[in-house]
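Q:
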Amino acid sequence: MSRFWRPGSEKPSASLVDDEEGGVLLLPTNTNSSSSSGFGYASLERQRQRLPVYKYRKAILYLVERHATTIVVGETGSGKSTQIPQYLKEAGWAEGGRLIGCTQPRRLAVQTVASRVAEEVGVKLGEEVGYTIRFEDQTNPGMTMIKFLTDGVLIREMMEDPLLTKYSVIMIDEAHERSISTDILLGLLKKIQRRRPELRLIISSATIEARSMSTFFSIRRKNSLPESADDLPNPEPAILSVEGRGYTVETHYVEEPVSDYLLAAVSTVLIIHEKEPPGDILVFLTGQDDIDAALKLLNDEIQHLRKHYFDLVILPLYSGLPRGDQDLIFAPTPKGKRKVVISTNIAETSLTLEGVVYVVDSGFSKQKCYNPISDIESLVVAPISKASARQRAGRAGRVRPGKCFRLYTEEYYLNEMQADGIPEMQRSNLVSCIIQLKALGIDNILGFDWPASPSPEAMIRALEILFSLGILDEDAKLTVPIGFQVAEMPLDPMISKMILSANDFGCSDEILTIAAFLSVQSVWVSMRGVKKEFDEAKLRFAAAEGDHVTFLNIYKGFHQSGKSSQWCYKNFLNHQALKKVIEIRAQLVRVMKRFGIPLKSCDRDMQAVRKAIIAGSFANSCHLEEYGQNGMYKTIRTSQEVYIHPSSVLFRVNPKWVVYQSLVSTDKHYMRNVIAIEPSWLTEAAPHFYQYRTPNPAPH
DNA sequence: GTTAGGGTT
């Protein structure tokens, strides 16, 4: 019989290697027992001591002991994410069953940092050192001392345990990125600190924006505590700065502003290749369009130049790229060749490319914008901040000293570029954010102490939408049970509402599948080159009712194929995305079970399915303008001009009345995930909304 | 008449 290394059992020894049954090979990794004078352990320890943060070990522990909040400013490579949690554990912060928590904005970062720390501590991942991300809990209650998790997961944990009583210290990493989740967390943690003054916070940030962070966390104690409370930490935040370990990066600017950053980027790449020693080039552009265009320009140029330019390996990089193409980016550069990666800002924070020595920075990126009056989020090309520019430049100094070529003038950088970007909270629709705060008992949204306050207009718009969905009542409190149930579901509230309404139409089974599809980016593989085949593949699943029903067809096909990746490839479907659909659906089934809502299928009654969809998306109804521009719709609520997105199965079909799931705004407002409806269903689903919103919405 | 910066529950 095989012996597995179970939690709580003895650590495996070398003799536990067992491959009798064809494949269980458990080699001990680095153990921390003193008897193991393993070379691996010693060198790991030496590596830890070489990190810049090591010098500050004592200082950090002292500040955390004495201050409620410690702000650690450190560039990448300082080792703060992996080392500080270990220092805290060594100093006893995890004693007595308490937890040291460390959040990251991204799932991948959580996993990699956690496994690195487990290795350094010399324990099996998931025991003393563990992590939790959505769909994956690698912790062992009672055993785990250091826990890594995404900000989003920590917010969810607060719904069970609002004061986060299990934690003695919480470190918020990458706080400078100011994602919505990070900002919500910062605001909530400040509140928790008032109730739990013994809780320690560490805010880890890459920029000096730390100062505004410090102002945010300083607690003025007007009715100040008596002096005797000196076992409590100082409420005034401490700031500590740790240098990074990156190599120096020489910055070059253009002398005159460039009129076309695409052309400038292409010629800069060619100049670097001609004049600079070996080393890969990373180019930052804004989006897939830009990147494809630059790729083509670069390849055209090379055709006309000398042979020596054939040494360039030019690769695109953006999140929508199929998995196989993304792997090419990480393959080592062939000998005698130079890799050129043309990327969106995915390479700024989410992915790290080894071997980059030269960075070309266009100075632009696509950024989300939100207009609370029209309730439309859009993506616009906008100038980046100084903080982003420095982050981009830093990508050139990971292996050896590098160079960064900025396609803007030094004068512009010094005098016109914003120091920091606008926090995402101030550029987004707040519906999800507000429902999370409500679920945590924060009733006064307008009076909430936000790290960066969103506009009152944006907050009011979100409250209005939640009210019209029946999630909030007239007093802006969560309704029972709908409001509380929606808050518990890990979805866009409109989608949650759709699920809860499905029960009335007897189609919860179908609606759960649709909800899962709506929660992933896109299930199609973007292939611009083979459009004809792609369109044909899509037609195999297309439903006359629209995209939501098409998803049901894809789901059925995927199941019948045995969840085959081959099948996905043949049908231009993203296998990863479909596996995620399955996971999300399973999670939703569990939530429904908890609510006591039965799963029911309506078989082929797609009218029921469409009516359930409308119960969530009735506010997104549109009517085709028959005498207007071809394919132009107008929203019923605001008479906004909108068009069906080319990825929709209803593109060019143009039914008279439609409801959309979301708007994507580029040069036009495009409706994504569209379904054809009868106008009478709208008044049926939301009489309150259509009566007071528009005097005469339906023609009949 | 034709399209997606990056994340997360």
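Each residue of the first sequence is one higher than the one before, counting from 736 in this note's numbering. Where a beta carbon is used, it is the ideal one built from N, C-alpha and C, also for glycine. Model, not experiment: these values are computed from the prediction.
Between the Cα of R841 and those of R851, D886, F1276, G814, spot the shortest distance and give me the residue it belongs to.
A: Out of R851, D886, F1276, G814, D886 has the C-alpha closest to the C-alpha of R841.
Q: Check V1260 in the structure and name its three-state DSSP category.
A: Looking at V1260 - three-state DSSP - the assignment turns out to be coil, as it is neither helix nor strand.
Q: By Cβ distance, which residues of its chain are closer than 8 Å to Y1093, with the 5 residues on each side in sequence left out?
A: Cβ neighbours of Y1093 beyond the five flanking positions: I1007, E1011, G1014, D1015, I1016, L1017, A1131, G1137, K1138, C1139, F1140.
Q: Provide the residue(s) that pair with V864 in DSSP beta bridges, ordered along the chain.
A: Answer is L860, I881, bridged to V864.
Q: Would E863 and M878 be called neighbours here (beta carbons separated by less than 9 Å)?
A: Yes. Within cutoff.
Q: Does the distance from the CB of F870 to the CB of Q1311 come in under 9 Å?
A: No, Cβ-Cβ distance for F870 and Q1311 is not below 9 Å.
Q: Which residue's Cα is closest to the Cα of A1350: E892, C1242, I890?
A: It is C1242 whose Cα lies nearest to the Cα of A1350.
Q: From the DSSP output, in three-state form, read off G1090 for me.
A: DSSP places G1090 in coil when its eight states are reduced to three.
Q: Buried or exposed for V1258, going by 16 or more other Cβ atoms inside 10 Å?
A: Under this definition V1258 is a buried residue.
Q: Just to confirm my understanding: we take R833, look at its own chain, exclude 5 residues before and 5 after, and list those with CB closer than 6 Å. What are they?
A: S903, listed in sequence order.
Q: Quick one: using the 10 Å Cβ neighbour count with 16 as the cut-off for buried, is F739 buried or exposed?
A: Only weak support is given to the placement of F739: the predicted model assigns it a pLDDT of 27, under 50, and the value that follows is read from those uncertain coordinates. With fewer than 16 Cβ atoms within 10 Å of its Cβ, F739 is classed as exposed.
Q: Is it the case that the region 1173-1191 contacts the region 933-945, given that we only count it when at least three CB pairs across the two stretches are under 8 Å?
A: As far as the Cβ criterion goes, the region 933-945 does not touch the region 1173-1191, which means the pair count is below three.
Q: Tell me whether H1423 is buried or exposed, calling it buried when 16 or more other Cβ atoms sit within 10 Å of its Cβ.
A: Its Cβ having fewer than 16 others within 10 Å, H1423 is exposed.
Q: Please identify the residue among V1384, F1353, K1391, K1291 whose C-alpha is closest to the C-alpha of D1338.
A: When each option's Cα is compared against that of D1338, the closest is K1291.
Q: Name the residue from E990, T1373, P1186, L1398 whose alpha carbon lies nearest to the alpha carbon of G922.
A: It is P1186 whose Cα lies nearest to the Cα of G922.
Q: Are there 16 or more other CB atoms within 10 angstroms of the CB of N1408, so buried, or fewer, so exposed?
A: It is buried - the Cβ of N1408 has at least 16 other Cβ atoms within 10 Å.
Q: Quick check: the Cα distance between N969 and T950, rounded to an integer number of angstroms?
A: Using only the alpha carbons, I get a separation of about 14 Å.
Q: Figure out for me which residue from I1246, G1363, T1373, M1152 has the closest Cα to the Cα of M1341.
A: Comparing Cα-Cα distances from M1341 to each of I1246, G1363, T1373, M1152, the minimum goes to I1246.
Q: By Cβ distance below 7 Å, which residues in the same chain neighbour S768 in space, the five residues on each side in sequence not counted?
A: A caution first: S768 carries a pLDDT of 35, below 50, which makes its placement in the model too unreliable to give a value.
Q: Report the rounded CA-to-CA distance for L761 versus I1217, giving the unit in angstroms.
A: Per-residue confidence for L761 stands at a pLDDT of 26, beneath the threshold of 50, marking its modelled position as unreliable; no derived number is given.
Q: Contact between the region 1268-1283 and the region 1374-1390: three or more CB pairs below 8 Å?
A: Counting Cβ pairs under 8 Å, three or more are found: they touch.
Q: Return the residue from the list G1363, S1374, S1397, D966 that minimises the CA-CA distance to N1389.
A: Looking at the Cα atoms, G1363 is the closest of the given residues.
Q: Relative to the C-alpha of Y988, which residue among K815, K1305, A1124 is closest?
A: Comparing Cα positions, the closest option is A1124.
Q: Measuring only the C-alpha atoms, how far is L1207 from T1021?
A: L1207 and T1021: Cα-Cα distance of roughly 38 Å.
Q: Between Q839 and the rest of its own chain, which residues show a CB-CB distance below 7 Å, the 5 nearest in sequence each way excluded?
A: Hits under 7 Å: V845, V848, F883, T885, D908, E909.
Q: Whose C-beta lies closer than 7 Å to the C-beta of L1253 among residues of the same chain, with five residues either side of it excluded?
A: So the qualifying residues of the chain are I1230, Q1396, N1408.
Q: So, for T917: in the same chain, excluding its five sequence neighbours on each side, which residues have a beta-carbon less than 7 Å away from its beta-carbon?
A: Excluding positions up to five away in sequence, the list reads P840, D886, I907, A910.
Q: Would A1193 and L1165 be called neighbours here (beta carbons separated by less than 9 Å)?
A: Yes.
Q: Does DSSP put T983 in a helix, a strand or coil?
A: Here T983 sits in coil by DSSP.
Q: What number of angstroms, rounded off, separates the C-alpha of D1060 from the C-alpha of V1075?
A: Taking the straight line joining both Cα atoms gives about 14 Å.
Q: Spell out a yes or no on whether the region 813-829 and the region 777-788 are touching, meaning 3 or more CB-CB pairs, one atom from each, closer than 8 Å.
A: Segments in contact, yes.
Q: How would you write the range of the alpha helix (DSSP H) that I1081 sits in, first residue to last?
A: It spans 1081-1084 - the alpha helix (DSSP H) in which I1081 sits, taken as one unbroken run.
Q: From Y1147 to L1204, what does the alpha carbon distance come to, in whole angstroms?
A: Taking the straight line joining both Cα atoms gives about 47 Å.
Q: Tell me which residue opens and which closes the alpha helix (DSSP H) that S1203 is part of.
A: Element bounds for S1203: 1191-1203.
Q: Please say whether I1081 and S1054 have beta carbons closer to each other than 9 Å?
A: Taking 9 Å as the Cβ cut-off, S1054 and I1081 qualify as a contacting pair.
Q: If you compare alpha carbons, which of I1169, A1420, S778 is closest to F1353?
A: Answer by Cα proximity: A1420.
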